[in-house]
Amino acid sequence: MTAFFRTFREGSGFDAVLILCAVAYLLVFSAFPLVYNVIMSFQSVDMFSITDFNRPWVGWQNYIDVINRPEAWLIVKNTAIFVLLSIVFQLGLGFGLALLFQQDFPAATFLRGLFLAGWIMPGLVVGTVWKWIFAGDFGVLNYVLNHLGIVTGKIFWLSDPAYSLYAVIIANIWLGIPFNMILLSVGLAAIPRDIYEAAELDGATAFQRFFSMTLPMMRATLGAVVSLGVILTLQQFDLIAGLTKGGPANSSNVAQYWSWQLSFETYEISAGSVIAVMMIAVVIVVATIYVRSTTNEQSA
Amino acid sequence: MNQIEIDDLNKHYGAYHALRDINLKIPAGSFVALIGPSGCGKSTLLRTIAGLEKFTGGTLRIAGEVMNTRPPRERDVAMVFQSYALYPHMDVERNMTYSLRLKRRPREEILERAKSAANTLGLTALLSRKPRELSGGQRQRVAMGRAIVRNPKVFLFDEPLSNLDAELRVRMRGEIRRLHERLGATSVYVTHDQIEAMTMADYVVVLRAGRIEQQGAPLDLYDRPANRFVAGFIGSPSMNFLPARVAEDGRTAILGEADGQRIDLGREVEPGREILVGMRPEHLQIRPASDATGLQATVELLESTGSMTFMEARLAGAPITVSQAGRMAAARGEPVRLQIDPENLRLFDPATEAAI
Ligand SMILES: Nc1ncnc2c1ncn2[C@@H]1O[C@H](COP(=O)(O)OP(=O)(O)OP(=O)(O)O)[C@@H](O)[C@H]1O
Ligand SMILES: [Mg+2]
């Protein structure tokens with residue numbers, strides 16, 4: 001017993017306790033739900049068996065079911081478009097803004113702070129605000145587009161299946177820009193100024209400095225931002241709940257929202273788990289590619 | 001021909017006046033050192049020549065052309081930064097040839113010039129290394145290589161040796177100087193180390209608080225400092241300054257108190273005038289106390305480096321330093337006589353600090 005207290009006092013025991021706390025937390029709140037979810041995706045789970053762990057094992061049947069649903073491919077396609085366009089524009093605009101605010105101009109810091117304001121708003125609130133902007137009859141977006149002469153007549157952004165997905169994407173891009181901008185600003189700030197000065201003296205134009213200094217030195221940051229962006233976009237839920245709820249007719253539905261609908265609206269819990277498991281697989285692939293690319297860079 | 005001509009150049013950082021009325025002409029092929037205490041504007045002046053800083057008044061000409069608003073890349077100057085500023089993601093060869101690749105020179109020429117620069121600087125074995133795989137001295141060489149590959153009109157150096165250890169610093173000093181002679185380009189070299197400035201440059205510019213205090217050949221600055229600041233800044237250890245008053249005869253001065261020791265000035269000065277007498281430590285000769293002539297001082301401390309002896313002493317109530325080749329022994333509090341050739345005295349006005 002005294003030996004136990006001594007290790008505690010000398011630190012090694014204390015280290016172990018700290019590590020155990022962290023491991024216990026991960027086990028209870030991350031590993032257990034994850035494994036439990038994977039198990040559920042191989043079982044037949046419904047409202048009646050949900051409290052009982054002893055449920056019929058159905059193997060891959062749930063997966064086959066989900067893939068064969070008529071809306072499945074539409075939703076996969078929507079998810080791909082949602083992720084791809086969100087990332088491309090969030091990254092592009094976020095990078096542009098990060099570069100802009102890197103310049104020294106009056107009120108630069110103030111304006112940058114203003115951009116952050118969008119980020120601290122909950123997705124549901126953002127969804128509601130954008131719902132007003134997108135409103136067909138009296139929405140401000142239609143008003144602006146009409147007055148600029150870009151379109152005539154009304155676009156029903158949220159209720160027209162041809163537009164609903166893009167409306168959600170536009171709102172999501174807006175929501176994600178500050179996050180991209182901040183991470184990329186940090187990366188840019190880490191590049192020493194004197195390298196740009198040396199390049200300038202070596203004869204590089206602003207354009208050439210961007211491509212031969214900024215971009216290569218931002219590779220790791222860009223990789224991290226893209227990976228995190230993919231993960232966060234696949235998590236985006238409340239914005240969709242606030243805007244279209246996946247409708248009309250699944251035209252703006254994406255995997256994460258579908259998974260929630262199946263699990264908690266129609267209580268097809270196995271099907272919901274299947275989608276969650278497949279999304280986890282995608283996230284793991286993305287994370288692996290990212291980790292690989294950064295370790296390669298360090299050893300190069 | 002003057003490679004660089006600066007007329008009445010002024011530079012402000014907001015309300016701060018960083019460079020004041022700078023006038024400087026640098027002949028083609030010369031090696032000019034900018035020297036002064038920290039914060040005096042050396043780097044600012046160098047960066048202004050490079051075009052990295054805009055200035056608020058005056059003209060800057062390089063090779064006769066007005067450069068006031070030209071961007072750095074059109075000035076044909078190369079700069080070696082104190083931090084080296086190597087491109088971390090490029091290997092040594094690509095670091096050195098970046099400028100040539102931007103100009104789309106033919107591949108053989110790029111390779112040729114990289115090889116010859118690497119040869120000159122002893123970097124041949126390191127061409128495919130990244131900067132982080134190099135030692136400080138090797139990085140310094142790459143930074144030099146990047147400059148010489150370009151064969152520019154002007155080389156600018158901002159304290160390039162300050163991150164190296166003492167031994168390497170002395171070696172690189174010689175190498176930079178030899179390189180300068182071989183390439184024949186104009187060099188402007190910023191340093192706060194006056195030994196570096198004196199040994200490397202053929203022209204030295206002393207700056208203080210954004211103003212040029214004096215410019216000239218190194219030995220001119222040493223022999224004929226224009227004011228007390230330059231006199232104290234050039235030379236090591238620093239010149240000693242003793243307050244004194246010129247006696248009625250106009251040829252001697254009384255040190256310290258009214259009844260103090262007399263010193264022969266060796267020339268006529270207005271009688272009764274308050275002056276500062278400047279004496280370089282190396283011009284003072286230590287004599288035994290039994291000598292009949294010379295200034296009477298008491299020893300406070302002796303330091304020896306082996307070849308040199310530095311004596312801290314008290315003369316007319318003021319602390320002074322004396323340096324002497326070889327060794328000597330003396331106890332604390334021991335009286336000595338100090339002798340100095342009147343020719344080696346420098347006189348300054350205590351109010352304006354200008355040389356008399
Ligand atoms: N970007 C800036 N904004 C405001 N003041 C500046 C700026 N850069 C330099 N200064 C000021 O200008 C003066 C000269 O700076 P500079 O860097 O030229 O000094 P230096 O002579 O090179 O000193 P050191 O030997 O320490 O390098 C300093 O007082 C400094 O505080
Ligand atoms: Mg400096």
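For the protein sequence lines, the chains are A and B, in the order given.
Mapping the first sequence onto full-length UniProt numbering, position 281 (from 1) lands on 281, and the numbers just tick up by one.
Mapping the second sequence onto full-length UniProt numbering, position 42 (from 1) lands on 42, and the numbers just tick up by one.
Backbone N, C-alpha and C define an ideal beta-carbon position, used for all residues, glycine too.
Assignment of A351 of chain B by DSSP, reduced to helix, strand and coil, places it in the coil class. When C-beta distances to chain B are compared with 8 angstroms, the residues of the segment 191-203 of chain A below that value are P192, D194, I195, E197, A198, A199, E200, L201, D202, G203, in chain order. Of the other Cβ atoms in all chains shown, fewer than 16 fall within 10 Å of the Cβ of G122 of chain B; this residue is therefore exposed. Counting only Cβ-Cβ distances below 8 angstroms, P106 of chain A has no contacts in chain B at all, with the closest Cβ about 13 angstroms away. Taking 7 angstroms as the cut-off, the C-beta of K42 of chain B counts as close to a heavy atom of ligand 1. The beta-carbon distance between P56 of chain A and S164 of chain A, rounded to whole angstroms, is 38 angstroms. This is too long to meet the 8 angstroms contact definition. Per DSSP, the continuous beta strand (DSSP E) segment holding P319 of chain B begins and ends at 318-325.
Linking A292 of chain B to D264 of chain B through their CA atoms gives a straight-line distance of about 15 angstroms.
For D7 of chain B, the enclosing beta strand (DSSP E) covers residues 2-13. A heavy atom of ligand 2 is found nearer than 7 angstroms to the CB of V190 of chain B. The beta-carbon of Q61 of chain A is placed no less than 8 angstroms from the nearest beta-carbon of chain B. Rounded to the nearest whole angstrom, the C-alpha separation of S238 of chain B and H283 of chain B is 12 angstroms. Interface annotation, Y189 of chain B: not in contact with chain A, CB-CB separation never under 8 angstroms. Under the three-state reduction of DSSP, M144 of chain B is assigned to helix. Counted as a single uninterrupted DSSP element, the stretch harbouring D249 of chain B is not any beta strand (DSSP E), since DSSP gives it neither H nor E.
For E282 of chain B, there is no enclosing beta strand (DSSP E), as DSSP gives it neither H nor E. The contact set of Q208 of chain A on chain B, defined by CB atoms closer than 9 angstroms, consists of L102 in chain order. The beta carbon of Q235 of chain A is closer than 7 angstroms to those of Q256 in its chain, skipping five residues each way along the sequence. DSSP places G58 of chain B inside the beta strand (DSSP E), whose first and last residues are 57-62. A straight-line Cα-Cα distance of about 13 angstroms links D349 of chain B and G272 of chain B. Here the alpha carbon of I19 of chain A sits roughly 18 angstroms from the alpha carbon of F32 of chain A. A contact between stretches requires three or more CB pairs, one per stretch, nearer than 8 angstroms, and the segment 174-191 of chain A meets this requirement with the segment 205-222 of chain A. At least 8 angstroms separates the CB of F157 of chain B from every CB of chain A. Between H192 of chain B and G36 of chain B, the CB-CB gap stays under 8 angstroms. Cβ neighbours of T128 of chain A within its own chain (closer than 8 angstroms, five residues either side excluded): G242. In the structure shown, G278 of chain B falls within a strand segment according to DSSP collapsed to helix, strand and coil. Distance between I195 of chain B and G210 of chain B, taken at the CA atoms: about 21 angstroms. Residue A:E268 holds the alpha-carbon nearest to the alpha-carbon of S49 of chain A among A:L228, A:T295, A:E268. Approximately 6 angstroms separates the beta-carbon atoms of M200 of chain B and A33 of chain B; this is inside 8 angstroms, confirming the contact.
Y196 of chain A and G145 of chain B have their C-alpha atoms spaced approximately 18 angstroms apart. No heavy atom of ligand 1 is found nearer than 7 angstroms to the CB of A33 of chain B.
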